[in-house]
Amino acid sequence: MKRALLAGLIAGIFSASLNAETCLSPYIKQKTGPEKVMYLWTLPAGAGSDYLSVIDVNLASATYGKVLKRIEVGSSGNEAHHMGFTDDRGRVWAASLNTSRFFIFDVRTDPLNPRLERTIENVPKLTGLTGPHTPYAIPGRMLITMASGPEGTGPGGVVEFTNEGEYVASHQTPNHAYEIVVKPEFNRMLVSSWVPQKMFMSPMSQWDPKQFSNSVTVWDLKARKIVQELKGDPVPLATRWALKPNASYGYSINHAGNSIWMFRRGKDGVFSYGKAADLSPGCLPGDLRQSADDRYLYVSCIGGGEVQAWDISRPDKIRLHDTVQGLVQANMMHLTLDGKRLYVTNSAISSIDFSPRYALRLIHVGPDGKMKQDPFFAIDFSQAPNGPARPHDMLLN
Amino acid sequence: MPAIRMAPDFALDGVRLSGLRGRPVLIAFIYTSCTRACPLLSARMARLQKKLTAARLPAVLLSITVDPEHDDAKTLARFAEAIGARPGWHFLRDEPAQLAPVLAAYDEWTHVLPSGELDHPARLHLIDGAGRVREIYSLAFFDEEQAFLDIAALEKKQGQTPFSR
Chain A
1 MKRALLAGLI
11 AGIFSASLNA
21 ETCLSPYIKQ
31 KTGPEKVMYL
41 WTLPAGAGSD
51 YLSVIDVNLA
61 SATYGKVLKR
71 IEVGSSGNEA
81 HHMGFTDDRG
91 RVWAASLNTS
101 RFFIFDVRTD
111 PLNPRLERTI
121 ENVPKLTGLT
131 GPHTPYAIPG
141 RMLITMASGP
151 EGTGPGGVVE
161 FTNEGEYVAS
171 HQTPNHAYEI
181 VVKPEFNRML
191 VSSWVPQKMF
201 MSPMSQWDPK
211 QFSNSVTVWD
221 LKARKIVQEL
231 KGDPVPLATR
241 WALKPNASYG
251 YSINHAGNSI
261 WMFRRGKDGV
271 FSYGKAADLS
281 PGCLPGDLRQ
291 SADDRYLYVS
301 CIGGGEVQAW
311 DISRPDKIRL
321 HDTVQGLVQA
331 NMMHLTLDGK
341 RLYVTNSAIS
351 SIDFSPRYAL
361 RLIHVGPDGK
371 MKQDPFFAID
381 FSQAPNGPAR
391 PHDMLLN
Chain B
398 MPAIRMAPDF
408 ALDGVRLSGL
418 RGRPVLIAFI
428 YTSCTRACPL
438 LSARMARLQK
448 KLTAARLPAV
458 LLSITVDPEH
468 DDAKTLARFA
478 EAIGARPGWH
488 FLRDEPAQLA
498 PVLAAYDEWT
508 HVLPSGELDH
518 PARLHLIDGA
528 GRVREIYSLA
538 FFDEEQAFLD
548 IAALEKKQGQ
558 TPFSR
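Line by line, the protein sequences give chains A and B. So the first sequence is numbered by the numbering used here: it starts at 1 and just counts up by one. So the second sequence is numbered by the numbering used here: it starts at 398 and just counts up by one.
Written as structure tokens, this is what we have:
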């Protein structure tokens, strides 16, 4: 415990700030000033190459809110989905759900002009796994959750590469791995779960609930070994650990259960997992974000077309704090360093999107945690110059 | 700890990495005027060296400066003395042209911040006796107790008990 406290103290030097980036690996070099650019992983709604949209988000810029450039990856049908910075913030790894490719962009040389540095084509052959979801940084390496086995069915796992893209190892999971969260102080990694690749690339009418994963695995991070499996409502997607050093709890959104679940590490090191709240009927949560002060969670409702703020200042008694409506198919979110702006996109997966009104929108968050949609900010991806496109995951730099 | 990759070889200040085969090597990239986290890291490395010595584990520690223009040999020697480094812990520098490929091979870079401090990836690399990178630590979360256990495990894998020397 003494070691955990010391590690927490050191980590605190780097992370205990109310003005901090959230929902990133704690190993990632933190930004020290306001965001200037957004990278948005984008897929065409019709034919054409997937691309990285580079968007001006510098509040002082005359071109704030404009797409500065589009960097095509030179292949189509990838199903652009999630991204992650490497630990030094020098590269962005962009994963493709359908083709299982990894695209590595250099964003260090010139953050406003990312360069596609490398494409890793043969991921299923290299790793034995398919359907990469979220790239997550650890020192010098990336961990990427993989939904399924080599044929797009069966259990998946977590794969490990060097930052430059050299394969290191594959680690099996008993479920369809979705997203990672790490708390270094406890040497613990949590991995949430969803559905296999063949299913998520099919229309939702063909999804078989019997194949839904319903567990979050708890790992000994150092040993890369699963030590516990927490079972709850089906399809626990985004998972966030409270940010204070040595915080023992966090939350997941459980898509098919339409609920928020809480995990907590007990003093004996054993985790408990229980429902924290039911979401409003039809919400169908898509993303979960957190404020840097551990006071609020933000939940996007793909089904309900809204973003909800939940007050978690009493971690065991969370309550709905505010709602912004009228955001059709609301999905991915990204909170700025100062906690004041929440960017929202609205494409989930091409196989299940029900509205073609694709856009990047902005919600302002007040000091009281109340939210208001910006009526003037919108990038309409349905009218993108090279054809309608679906915006998904975002990173700020 | 799976083998992550072969550690890129280098020769700096007369120390060649491949010449240290047979012993675990811990490499840290530092600069002496760093005021924020580096002193804490060096203090932790000093504690690690004490533990290794007490356990008679023959690991080598290398601290390579990423700021050779300011960290000359005398400055590094003073720094080593101030933090209580003992024999077996080398503080290395070279001219920028010679150092640059070494930094690049370890995915290290430097960037001068408006404050004048250097920004660089704050990592440590643990290399086994066969020259393979077996662990990469973040400076922010570096724990000398864990590094000691990792080094002991590497020695044990080589067929020696950690405390046999």
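Virtual Cβ for every residue (Gly too), placed ideally from N, Cα, C. These numbers come from a predicted model, not from an experiment.
Return the first residue and the last residue of the alpha helix (DSSP H) that B:C435 is part of.
In the DSSP assignment, B:C435 falls within the unbroken alpha helix (DSSP H) covering C435 to A451.
Closest residue to B:T507 among B:V499, B:D516 and B:A501 (Cα-Cα distance):
Taking only the C-alpha atoms, the option nearest B:T507 is B:D516.
Using a beta-carbon distance cut-off of less than 9 Å, what residues from the segment 148–174 of chain A approach chain B?
Of all residues in the segment 148–174 of chain A, those with a C-beta nearer than 9 Å to a C-beta of chain B are E160, T162, N163, E164, E166, V168 and A169, reading in chain order.
Neighbour list for B:W506 in chain A, Cβ cutoff strictly below 8 Å
Per Cβ cutoff of 8 Å: D88, G90 and R108.
By alpha-carbon positions, which one of B:A494, B:R490 and B:A519 ends up nearest to B:D504?
Nearest of B:A494, B:R490 and B:A519 to B:D504, Cα basis: B:A519.
A:G157 and A:M146 look like a contact to me (Cβ under 8 Å); what is the Cβ gap, rounded to whole Å?
Between the beta-carbon of A:G157 and that of A:M146 there is about 5 Å, and that keeps the pair under the 8 Å contact cut.
Using a Cβ-Cβ distance under 8 Å, would B:S535 count as near chain A?
Taking a beta-carbon distance threshold of 8 Å, B:S535 counts as an interface residue toward chain A.
Relative to the C-alpha of A:G74, which residue among A:A348, A:L68, A:G84 and A:P44 is closest?
Taking A:G74 as reference, the option from A:A348, A:L68, A:G84 and A:P44 with the minimal CA-CA separation is A:P44.
I'd like to know if the segment 318–332 of chain A and the segment 42–60 of chain A are in contact, where contact means that at least 3 CB-CB pairs between them fall below 8 Å.
Output reads no: the segment 42–60 of chain A does not touch the segment 318–332 of chain A.
Spatial neighbours of A:I318 within its chain, please: C-beta separation below 6 Å, excluding the five flanking residues on both sides.
Cβ neighbours of A:I318 beyond the five flanking positions: A276, A277, W310 and I312.
Please list the terminal residues of the continuous alpha helix (DSSP H) segment that includes A:K198.
From DSSP, the alpha helix (DSSP H) with A:K198 extends over Q197 to F200.
When you compare only the Cα positions, how much space is there between A:K210 and A:E151?
A direct Cα-Cα distance of roughly 18 Å separates A:K210 from A:E151.
Going by C-alpha distance, which of A:R70, A:T99, A:A95 and A:V67 is nearest A:G77?
Restricting attention to A:R70, A:T99, A:A95 and A:V67, the CA atom closest to the CA of A:G77 is found in A:T99.
Whole-angstrom Cβ separation of B:S535 and A:P139, contact assumed at under 8 Å?
Sure, about 4 Å apart at Cβ, within 8 Å.
Going by other Cβ atoms of all chains shown within 10 Å of its Cβ, with 16 needed for buried, is B:H487 buried or exposed?
So B:H487 counts as buried.
Name the DSSP bridge partner or partners of A:E79?
Partner(s): none; A:E79 has no beta bridge.
Would you grab the beta carbon distance between A:F263 and A:L230 for me? Rounded to a whole angstrom, and I think it's under 8 Å.
So it is a contact: roughly 6 Å between Cβ atoms.
For A:A7, the three-state DSSP class (helix, strand or coil):
Caution is warranted here: a pLDDT of 47 is assigned to A:A7, below 50, making its placement in the model unreliable, and the coordinate value is therefore given only provisionally. In the three-state DSSP reduction, A:A7 falls in the helix class (H, G or I).
Whole-number beta carbon distance between A:C23 and A:R240, since they are thought to touch under 8 Å:
Between A:R240 and A:C23, the beta carbon gap of about 6 Å places them in contact (Cβ cut-off 8 Å).
For A:A60 and A:N397, what's the separation of their Cα atoms in angstroms?
Roughly 15 Å separates the two Cα atoms.
If you measure between the beta carbons of A:L400 and A:S148, is that distance less than 8 Å?
Outside the shown range of chain A (1 to 397) lies residue 400 of chain A, about which nothing can therefore be said.
By DSSP's criteria, A:Y167 is part of a beta bridge. Which residues make up the other side?
Paired residues: A:F161.
Contained beta strand (DSSP E) runs [length at least 3] in the segment 255–304 of chain A, N- to C-terminal order:
Note on the segment 255–304 of chain A: whole beta strand (DSSP E) runs with a minimum of 3 residues are 259–265, 271–278, 285–290 and 296–301, in chain order.
I'd like to know if A:G140 contacts chain C, where contact means its C-beta is closer than 8 Å to some C-beta of that chain.
Going by chain labels, chain C is absent from the structure shown, which instead holds the protein chains A and B.
With B:I401 and B:V499 assumed to form a contact (beta carbons below 8 Å), what rounded beta-carbon distance in angstroms separates them?
Rounded, the Cβ-Cβ distance is 18 Å, inconsistent with contact.
Using 8 Å as the threshold, is the C-beta distance between A:M199 and A:W207 below it?
Contact flag set, yes.
Under three-state DSSP, which class holds B:L536?
It is helical.
Measure how close the beta-carbons of A:F102 and A:P132 come, nearest whole angstrom, since I'm counting them as under 8 Å.
Your pair A:F102 and A:P132 checks out as a contact, with CB atoms roughly 7 Å apart and the cut at 8 Å.
Is the separation between the beta-carbon of A:G84 and that of A:T162 shorter than 8 Å?
For A:G84 and A:T162, no; Cβs fall outside 8 Å.
Strand pairing of A:A177, partner residues [DSSP]
Residue pairing for A:A177: DSSP places it in a beta bridge opposite A:S193.
Which residues does DSSP pair with A:P44 in a beta bridge?
The partner list for A:P44 (beta bridge, DSSP) reads A:A389.
Determine whether the beta carbon atoms of A:N258 and A:P236 lie at a separation below 8 Å.
In this structure, A:N258 sits away from A:P236, with a CB-CB distance that is not shorter than 8 Å.
The alpha helix (DSSP H) that contains B:F476, what's its start and end?
Secondary structure note for B:F476: its alpha helix (DSSP H) is the uninterrupted segment A470 to A479.
Does any CB atom of chain B fall closer than 8 Å to the CB of A:P135?
Chain B, which has no Cβ nearer than 8 Å to the Cβ of A:P135, makes this no.
How should A:D338 be labelled, buried or exposed, when 16 other C-beta atoms within 10 angstroms of its C-beta is the threshold for buried?
Per the 10 Å Cβ criterion, exposed.
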